[in-house]
Amino acid sequence: FLNTNPTVVFVLGGPGSGKGTQCANVVQNFGYTHLSAGDLLRAEIKSGSENGTMIQNMIKEGKIVPSEVTIKLLQRAIQENGNDKFLIDGFPRNEENRAAFEKVTGIEPTFVLYFDCPEEEMERRLLSRNQGREDDNIETIRKRFKVFLESSLPVINYYDAKGKVRKIDAARPVEDVFESVKAIFGPKNE
Ligand code: UP5
Ligand code: MG
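With the sequence shown counted from 1, adding 15 to any position gets you the UniProt record's numbering.
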């Protein structure tokens, strides 16, 4: 492969913290390719793959899809792409995701962007998003918050202990958040 050793940044944060929004900005300004694990899984549902129904049921319950499914989609997307810099958005979501991705791909993230946002703000954003996502209802949102606290925060803590976490106050307006993001990716790369 061309990109056997790509640069990877994990973009993490609770549901509605603004991961997708800020990744789009980073793509525009810094030449990364954006891979949203959630978007890849939703595309897999739409494609009518044999895993589609299972994925759809898990997303509706806010549960974490088995890592082999998600990793296969991410790995394929990386390999099909000519770029050597990727933002991986919304993955890894638990310790098992993290360890399996490292083992299967041999990739370690350069750093981890963490969008820190209070639940009440994330809930407001998700309930007013109106893009027809099947998990944007209050019952599923509560389940997503619980899974984030119990399973995903430990992954952020793991990388924090390695000095890899860049934490951003995501409760501010989109433009203000992006100012902080820019400072991390560096003006020299703009
Ligand atoms: N918005 C954004 N920034 C704002 C700001 N600063 N001020 C005001 N509004 C702001 O933003 C959400 C909404 O808020 C938008 O309307 C936006 O305009 C506004 P967005 O950028 O979409 O936030 P994001 O963090 O991307 O929210 P998302 O809902 O995508 O996060 P999730 O982590 O919940 O969703 P994801 O797609 O990653 O995963 C969905 C499900 O897939 C999971 O629950 C899980 O079931 C499954 N999944 C896996 O199983 N494994 C994976 O690896 C990944 C997903
Ligand atoms: Mg998203």
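By construction, the Cβ of each residue, glycine as well, lies at the ideal position given by its N, Cα and C atoms.
What is the C-beta distance between residue i and residue j, in whole angstroms, given that I count them as a contact (C-beta under 8 Å)?
i, j, result
"Leu128", "Ile183", "7 Å"
"Arg113", "Tyr173", "7 Å"
Compute the Euclidean distance between the alpha carbons of residue i and residue j, then round it to the nearest angstrom.
i, j, result
"Ala157", "Ile93", "One detail in the question is off: residue 157 reads as Arg in this sequence, not Ala. Their Cα atoms are separated by approximately 32 Å."
"Gln90", "Thr120", "7 Å"
"Ala108", "Val170", "Reading the sequence as shown, one finds Arg at residue 108 and not Ala. Each residue's Cα considered, the two are about 7 Å apart."
"Gly105", "Gly201", "22 Å"
"Phe16", "Lys100", "At Phe16, the pLDDT of 46 sits below 50, so the modelled position is not reliable; the number obtained from the coordinates is stated separately. One C-alpha to the other measures close to 14 Å."
"Glu134", "Ser143", "14 Å"
"Ile122", "Asn20", "7 Å"
"Gly29", "Pro81", "19 Å"
"Met137", "Gly178", "26 Å"
"residue 211", "Arg159", "The shown model of the chain, from 16 to 205, leaves out residue 211, and the question about it has no answer."
"Lys78", "Asn152", "14 Å"
"Val42", "His49", "7 Å"
"Gly35", "Ser62", "21 Å"
"Cys132", "Arg187", "9 Å"
Could you tell me whether the Cβ atoms of residue i and residue j are closer together than 8 Å?
i, j, result
"Ala52", "Thr85", "yes"
"Ala198", "Gly33", "no"
"Arg181", "Phe116", "no"
"Gly67", "Glu76", "no"
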